[in-house]
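Numbering (my numbering), first residue to last: 11 to 235. Even for Gly, the Cβ is constructed at its ideal location relative to N, Cα and C. Keep in mind that this is a model prediction, so the values were computed, not measured. First comes the structure, then the notes that go with it.
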């Protein structure tokens, strides 16, 4: 592979890390307008996925309020930030209020969440590549061990991207409750899943239930078994 010209390489290294401030603000503002959207956000995002320190702190405060079953509004967010001494650092409650300025009413955050997650993954990839480069330049280990470590770090990033991650208890509980209500309306002998044809087995399991197919993939000798 041909090397970059020196000037171009320096220009590349000085570029800012990938981020999308508008998508971050859209998510936060939408949650302020409709608190129910926080359940979608916490399923896929964590504060560290936000590039802006300000947005990161606000989202962290939103999660704290959500977990305490409190309303998510600028005043209460301000109180959460005041506890950690960062309210003045972000510019006060008015900064939080401004997140909703000119923002339409969203009913779904999927596309914005995907943008923020993608930018976060790109930043993590850059940091990982920088660490690999640093280890190679320092030459404190042999090439084979450095290459193995590099493979492990890149593979860990790929796993993180593919994984759904942990779900907050509230959205999971809501889905379970909806299923319970659905099943309660059925006749007592009705199966909730797919019949196997084996009557006694179907009575014990109520049929084959929806589940996840989990495939564990890794390089040899990584502990799959």
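Given this structure, state the Cα-to-Cα distance separating residue i from residue j, to the nearest angstrom.
{"i": "residue 126", "j": "residue 37", "result": "9 Å"}
{"i": "residue 156", "j": "residue 168", "result": "19 Å"}
{"i": "residue 191", "j": "residue 67", "result": "38 Å"}
{"i": "residue 130", "j": "residue 54", "result": "12 Å"}
{"i": "residue 140", "j": "residue 233", "result": "27 Å"}
{"i": "residue 143", "j": "residue 135", "result": "12 Å"}
{"i": "residue 89", "j": "residue 218", "result": "49 Å"}
{"i": "residue 120", "j": "residue 152", "result": "44 Å"}
{"i": "residue 57", "j": "residue 213", "result": "45 Å"}
{"i": "residue 25", "j": "residue 201", "result": "59 Å"}
{"i": "residue 35", "j": "residue 164", "result": "29 Å"}
{"i": "residue 28", "j": "residue 128", "result": "9 Å"}
{"i": "residue 74", "j": "residue 95", "result": "15 Å"}
{"i": "residue 118", "j": "residue 158", "result": "41 Å"}
{"i": "residue 47", "j": "residue 63", "result": "21 Å"}
{"i": "residue 183", "j": "residue 147", "result": "50 Å"}
{"i": "residue 18", "j": "residue 137", "result": "Note on residue 18: pLDDT 47, under 50, position unreliable in the model; the coordinate value appears next. Their Cα atoms are separated by approximately 20 Å."}
{"i": "residue 72", "j": "residue 80", "result": "9 Å"}
{"i": "residue 43", "j": "residue 230", "result": "49 Å"}
{"i": "residue 195", "j": "residue 189", "result": "10 Å"}
{"i": "residue 69", "j": "residue 106", "result": "11 Å"}
{"i": "residue 101", "j": "residue 78", "result": "25 Å"}
{"i": "residue 209", "j": "residue 170", "result": "41 Å"}
{"i": "residue 124", "j": "residue 185", "result": "22 Å"}
{"i": "residue 30", "j": "residue 61", "result": "8 Å"}
Starting from residue i, follow its DSSP beta bridges and name the residues at the other end.
{"i": "residue 218", "result": "204"}
Let me know if residue i comes out buried or exposed under the rule of 16 or more other beta-carbons within 10 Å of its beta-carbon.
{"i": "residue 203", "result": "exposed"}
{"i": "residue 51", "result": "buried"}
{"i": "residue 40", "result": "buried"}
{"i": "residue 99", "result": "exposed"}
{"i": "residue 82", "result": "buried"}
{"i": "residue 187", "result": "exposed"}
{"i": "residue 87", "result": "buried"}
{"i": "residue 91", "result": "buried"}
{"i": "residue 85", "result": "exposed"}
{"i": "residue 59", "result": "buried"}
{"i": "residue 111", "result": "exposed"}
{"i": "residue 211", "result": "exposed"}
Would you say residue i faces chain D, with C-beta separation under 8 Å as the test?
{"i": "residue 134", "result": "The structure shown contains no chain D; it holds only a single protein chain."}
What are the complete alpha helix (DSSP H) segments, minimum 4 residues, inside the region 32 to 79? Complete alpha helix (DSSP H) runs here, min 4: 48 to 54 and 63 to 77.
Runs of alpha helix (DSSP H) lying entirely within the region 84 to 127, each at least 4 residues, in chain order: Given a length threshold of 4 residues, each whole run of the alpha helix (DSSP H) inside the region 84 to 127 is given here in chain order: 84 to 93, 97 to 100 and 103 to 107.
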